[in-house]
Amino acid sequence: MISQTLLERRETVHRPDTASVIEVRDLRQKYGDFEAVKGISFEVRPGELFALLGTNGAGKTTTIEILEGFRPPTEGSVRVLGHDPVTERAKVRPHTGLMLQEGGFFTDLTVVETVRFWRDVSPNKPYTVAEVLDRVELAEKGDVQVRQLSGGQKRRLDLALATLAQPKVLFLDEPTTGMDPEARRNTWTIIQDLVSSGTTVLLTTHYLEEAERLADRLAIMHEGRIQLAGTAAEVVSQQGNRIRFRVPDQLPVERLPLLDGVAAATELRKGQLIAEYRLGADPDGTQQSLAHLISWASQNRLVLDRLEVRSASLEDVFLEVAHAA
Ligand SMILES: Nc1ncnc2c1ncn2[C@@H]1O[C@H](COP(=O)(O)OP(=O)(O)OP(=O)(O)O)[C@@H](O)[C@H]1O
Numbered sequence: 039m040i041s042q043t044l045l046e047r048r049e050t051v052h053r054p055d056t057a058s059v060i061e062v063r064d065l066r067q068k069y070g071d072f073e074a075v076k077g078i079s080f081e082v083r084p085g086e087l088f089a090l091l092g093t094n095g096a097g098k099t100t101t102i103e104i105l106e107g108f109r110p111p112t113e114g115s116v117r118v119l120g121h122d123p124v125t126e127r128a129k130v131r132p133h134t135g136l137m138l139q140e141g142g143f144f145t146d147l148t149v150v151e152t153v154r155f156w157r158d159v160s161p162n163k164p165y166t167v168a169e170v171l172d173r174v175e176l177a178e179k180g181d182v183q184v185r186q187l188s189g190g191q192k193r194r195l196d197l198a199l200a201t202l203a204q205p206k207v208l209f210l211d212e213p214t215t216g217m218d219p220e221a222r223r224n225t226w227t228i229i230q231d232l233v234s235s236g237t238t239v240l241l242t243t244h245y246l247e248e249a250e251r252l253a254d255r256l257a258i259m260h261e262g263r264i265q266l267a268g269t270a271a272e273v274v275s276q277q278g279n280r281i282r283f284r285v286p287d288q289l290p291v292e293r294l295p296l297l298d299g300v301a302a303a304t305e306l307r308k309g310q311l312i313a314e315y316r317l318g319a320d321p322d323g324t325q326q327s328l329a330h331l332i333s334w335a336s337q338n339r340l341v342l343d344r345l346e347v348r349s350a351s352l353e354d355v356f357l358e359v360a361h362a363a
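Just remember that the working numbering sits 38 ahead of the position in the sequence shown, which is counted from 1.
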């Protein structure tokens with residue numbers, strides 16, 4: 039179960055800070071009668087990377103699109119660099135880079151022509167076309183039409199366009215979807231370099247490892263609300279430790295011991311019954327539970343195959359959020 043402390047955290051994501059680069063306050067968005075975002079607040083400070091995680095349809099893209107100025111919110115307010123992104127677009131847009139879920143390319147143009155076009159209309163030109171392509175490892179694809187790029191290569195081109203002006207604020211909506219692991223790591227490096235040079239980033243992702251690696255702070259959304267927020271370590275540390283093992287053949291599940299008063303949850307994986315105990319975060323308690331389990335196994339002449347003890351992962355937390363509602 040998600041602890042009360044963590045649930046209360048969603049109320050504290052917004053810490054008033056006049057220097058916030060991105061500020062979202064009591065944001066609500068309706069599409070007709072359907073409320074996709076139900077009153078969320080958070081802020082992103084200068085040079086910070088904030089990740090919005092969440093289940094499908096949680097409202098992440100809706101939130102990012104409002105911040106990008108594509109539509110005004112139904113209720114609440116958003117500020118980017120202190121300005122309203124819709125009514126003060128001219129003050130915000132030159133300083134922001136956008137990477138949408140679907141890149142809006144002219145697919146007949148080549149990669150070089152695309153970068154040249156965007157660079158020409160960009161307010162800042164800190165990099166040459168060759169440097170822009172080099173950074174995302176697309177130099178060899180310069181003469182290829184955009185329509186001929188693979189999905190992952192298109193995402194890399196999109197990232198190149200979003201960052202070619204070295205923006206102050208960068209919105210990345212699922213930037214690494216479709217990329218192979220090497221391209222993903224390369225993208226993480228590009229994003230980390232941008233953050234190191236002072237760019238503030240709001241990123242949505244379904245890759246929890248990506249959020250863990252990159253984010254200074256993160257929020258997990260579900261059905262239009264922020265359910266949890268904090269640093270990855272803060273969010274995960276509240277979740278406690280897990281002990282798992284394969285349930286020995288022929289052992290009835292009812293005979294599994296209680297550990298620290300906790301019963302095992304069991305699940306069938308590839309035909310094998312796995313037992314998992316969700317314990318507290320206290321290492322001493324976990325050690326005692328483990329000792330008790332091993333002594334129980336010895337007394338019953340059982341071998342605990344695939345025995346593992348680990349702290350909860352961000353994935354565990356995410357699944358709790360998704361299932362708790
Ligand atoms: N233009 C629209 N008209 C009506 N409903 C919409 C519109 N855009 C989004 N929605 C709905 O609003 C909800 C939130 O969608 P949104 O795209 O913001 O979620 P998300 O968190 O980005 O999801 P995913 O992870 O699947 O990309 C969904 O239920 C979606 O169907």
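From the three backbone atoms N, C-alpha and C, an ideal C-beta is built for every residue, glycine too.
With a cut-off of 8 angstroms, do at least 3 Cβ pairs link the stretch 113-130 to the stretch 215-232? no
Please confirm if the stretch 272-279 is in contact with the stretch 80-90, defined as three or more CB-CB distances below 8 angstroms between the two stretches. no
Could you tell me whether the Cβ atoms of Ile-78 and Asp-211 are closer together than 7 angstroms? no
Are the CB atoms of Gly-97 and Asp-64 nearer to each other than 7 angstroms? no
What are the uninterrupted segments assigned as alpha helix (DSSP H) that are 4 or more residues long and contained completely in the stretch 88-130, given in chain order? 98-105 and 127-130
Output needed for Ala-249: all residues of its chain with C-beta closer than 6 angstroms, excluding positions within five of it in sequence on either side, in chain order. Ala-89, Leu-91, Thr-243 and Leu-256
Drop a sphere of 10 angstroms on the beta-carbon of Ser-58, count the other beta-carbons inside from all chains shown, and report buried for 16 or more, exposed for fewer. buried
Run the CB neighbour count on Leu-44, radius 10 Å, all protein chains shown included, and call it buried at 16 or more, exposed below. Residue placement at Leu-44 cannot be trusted, given a pLDDT of 45 that sits under 50; what the coordinates show is reported in the next sentence. Looking at its Cβ environment, which holds 16 or more other Cβ atoms inside 10 Å, Leu-44 is buried.
Look at the Cβ atom of Lys-68, then the Cβ atom of His-133, and state whether they are nearer than 7 angstroms. no
Going by DSSP, what residues sit across from His-6 in a beta bridge? The shown model of the chain, from 39 to 363, leaves out residue 6, and the question about it has no answer.
Quick one: grab the DSSP three-state call for Thr-145. coil
By the 10 Å Cβ neighbour count, where 16 or more other Cβ atoms means buried, how is Ala-338 classified, buried or exposed? Contrary to the premise, residue 338 reads as Asn rather than Ala in this sequence. Classification for Asn-338: exposed.
Taking the beta carbon of Leu-279 as the centre, do at least 16 other beta carbons fall within 10 Å, making it buried, or is it exposed? Here residue 279 turns out to be Asn, not Leu, going by the sequence shown. Counting Cβ neighbours within 10 Å, Asn-279 comes out buried, since at least 16 surround it.
Quick check on Ala-198: does DSSP put it in helix, strand or coil? helix
Quick one: what's got a C-beta closer than 6 angstroms to Val-285's C-beta in the same chain, skipping five residues either side? Leu-311 and Ala-313
Mind checking whether the beta-carbon of Gly-92 lies closer than 6 angstroms to any heavy atom of ligand 1? yes
Cβ of Tyr-165 versus every heavy atom of ligand 1: is any distance shorter than 6 angstroms? no
If you draw a straight line from the C-alpha of Glu-61 to the C-alpha of Asp-298, how long is it? 43 angstroms
Separation of Gln-191 from Phe-144, as counted between CA atoms: 15 angstroms
As assigned by DSSP and simplified to three states, the class of Ala-350: coil
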